[in-house]
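S.K.: I have a structure I would like to understand better, so I am pasting it below and will then ask my questions one at a time.
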Amino acid sequence: MYQSTLPLKLWSEPHYRKGTYQQDLLDNLRNVAIPGTGVPLHLFCYFKFTAFLFLLIVQPTIVFIATLNLYFFKGFNLEMACHEYVRVLLGEELDWCSKWRVNCNVAAMHSVRTMKVGGYDMENKWAFLEKGAALGVPVSPILDLPGLCIKHKNEEGGMGIHFYKNAMEGGDWIIQKVISNSSFVQSLLPDDAPLSTFRILTQSRAATKVGPSGWIAPPILADIEALSCVFRAGRKGALTDHDSILFNIDPITSVILGGTTNANWYKLGLREALPGGCDWRSGDEEHVVGEHPDKKGKKVKGKKVKELPAMLELCCSSHLSMCPDVPFVGWDVVLCPDSDVPGGMCIL
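So the sequence shown is numbered by our numbering: it starts at 2 and just counts up by one.
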């Protein structure tokens, strides 16, 4: 309950990505909607008052409607439905979006109190790649070009031509070659799936050793721990693995577990609010899959990712060297051919 009110507390505070926390809400929630509503959540973030009304009225009402759905259509009796309402409303049962926002709230509040250390600068993609390369962390390689000129093959008169100045020359664009999936990863995916990454979450207890003036005690590797890993198996025809099936991986055994999706949180527009537009829930047992839906008959669940221990070690060591003051970091790790990246593994 407390964490759900943190956006109001942090509203005008400086944010490590944007000028204020409110601006970060406006940017990051513009393509996110509570499943079945189709309404982008950023619309409630233009004013603090509307955000307050969302927390006080809109969210409890939506949870109530979802509870009615459980009672009338999912076989829940009245006691079970009431219990579920309380669990969801009070945060005992967190959906994907709520867990994401908890992490965002913790990071934002922590960063306000520890900005002098600078680990949150790694949120900037260019700063991350620069520092990673300088420290010897295997990050995705950058093309050493001042810029690119991209022309359409069949337009003229000055149309269809675009110029991109490389970030390494002071521009806004990070120019990289396309990286492919390793043969093992590709064997789990349809032929035209995008680059599919492993999202590894690490935590740093060293974050408790830093204050407004800097480090109270130096961070060590024992402060860093890998918490979880998810294989983002990209969908057929998608450009990136943001459209994917999310398969949990046991960090102890390296075995892939069941998969689900969070795509229902990105369904915008009136069509998605109509009956049958999109699933309201995605974490229930009925939605968990063992194979990629775009590659029927090919089991993903039960496969072992032999490279996982090395990936976990890479993320822990990178957390220590790059941003030990940040309590939680999500790393996107790629397994690829050696011809793309030496060693066949890098962090995006």
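Using N, Cα and C, we set each Cβ at its ideal position, and we do this for glycine too. Predicted, not measured: the structure shown is a model, and the values here were computed from it.
(1) Keeping to the same chain, check which residues put their C-beta closer than 7 Å to that of Thr198; ignore five residues upstream and five downstream.
(2) Would you grab the beta carbon distance between Tyr22 and Tyr121 for me? Rounded to a whole angstrom, and I think it's under 8 Å.
(3) Ser245 to Cys150, Cα distance in whole Å?
(4) How about the segment 220-229 and the segment 264-284: do they share at least three Cβ pairs that are nearer than 8 Å?
(5) Verify the contact flag: Ala218, CB atom, against every heavy atom of the ligand NAP, threshold strictly below 8 Å.
(6) Looking at the secondary structure, which residues open and close the alpha helix (DSSP H) in which Tyr86 lies?
(7) If you compare alpha carbons, which of Ile201, Lys10, Lys75 and Ala274 is closest to Glu41?
(8) DSSP on Lys132, reduced to helix/strand/coil?
(9) With distances taken Cα to Cα, identify the nearest neighbour of Gly259 among Met160, Trp127, Cys230 and Arg114.
(10) Would you list the residues sitting across from Leu336 in a DSSP beta bridge?
(11) Expressed to the nearest angstrom, what Euclidean distance is found between the alpha-carbon atoms of Glu80 and Gly92?
(12) Return the chain-ordered list of same chain residues with a C-beta closer than 6 Å to the C-beta of Val256, the five sequence neighbours on each side being excluded.
(13) Quick one: using the 10 Å Cβ neighbour count with 16 as the cut-off for buried, is Pro294 buried or exposed?
(14) Spatial neighbours of Gly345 within its chain, please: C-beta separation below 7 Å, excluding the five flanking residues on both sides.
(15) With a CB to CB cut of under 7 Å and the five nearest residues on each side skipped, what residues in its chain are close to Trp174?
(16) Sort Pro139, Leu27 and Ser319 by Cα distance to Glu226 and report the nearest one.
(17) Per DSSP, which residues does Ala34 bridge with? Please list them.
(18) What residue from Cys316, Glu308, Leu9 and Leu56 has the CA that sits closest to Phe185's CA?
(19) Of all the alpha helix (DSSP H) runs that stay within the bounds of the segment 227-312, which reach a length of 4 or more residues?
(20) What three-state label does DSSP hand Ser13 in the structure shown?
(21) Starting from the C-beta of Met160, find all residues in its chain whose C-beta is less than 8 Å away, skip the five residues before and the five after it, and write them out in chain order.
(22) Per the DSSP calculation, Lys100 is bridged to which residue(s)?
(23) Beta-carbon separation of Ser205 and Asp326 under 9 Å?
(24) Under 8 Å by Cβ, that's how I've got Cys347 and Pro195 pegged, so tell me the actual separation to the nearest angstrom.
(25) Distance, Cα to Cα, Asp341 vs Leu9?
(26) Please classify Val179 as buried or exposed, where buried requires at least 16 neighbouring CB atoms within 10 angstroms.
(27) Helix or strand or just coil, what does DSSP make of Tyr121?
(28) Does the structure place the segment 128-146 close enough to the segment 98-110 that three or more beta carbon pairs sit under 8 Å?
(29) Near Tyr86, which residues of its chain fall below 7 Å by C-beta distance, leaving aside the five closest residues on each side in sequence?
M.R.: Result, derived from the coordinates:
(1) Cβ neighbours of Thr198 beyond the five flanking positions: Arg233, Asp242, Asp333, Val334, Val335 and Leu349.
(2) About 13 Å separates the two Cβ atoms, so there is no contact after all.
(3) If I take the Cα positions, the gap works out to 31 Å.
(4) Result no; under three Cβ-Cβ pairs closer than 8 Å.
(5) Questions concerning the ligand NAP fall outside what the structure shown contains, since it holds no ligand whatsoever.
(6) Looking at the DSSP string, the run of the alpha helix (DSSP H) that includes Tyr86 is Leu79 to Leu90.
(7) Just to set this straight, residue 41 is Pro in the shown sequence, not Glu. Nearest option by C-alpha distance: Ala274.
(8) In the three-state reduction of the DSSP assignment, Lys132 falls in the helix class, which pools H, G and I.
(9) Cys230
(10) Met346
(11) 18 Å
(12) Lys305
(13) exposed
(14) Ser183, Leu336, Cys337, Pro338 and Asp339
(15) Tyr165, Lys166, Asn167 and Ala168
(16) Ser319
(17) Pro41
(18) Glu308
(19) 271-274
(20) coil
(21) His153
(22) Paired residues: none, contrary to the question.
(23) Contact flag set, yes.
(24) Going by Cβ atoms, the distance from Cys347 to Pro195 rounds to 16 Å, so no, they are not a contact pair.
(25) 45 Å
(26) exposed
(27) helix
(28) no
(29) Val64, Phe65 and Thr68
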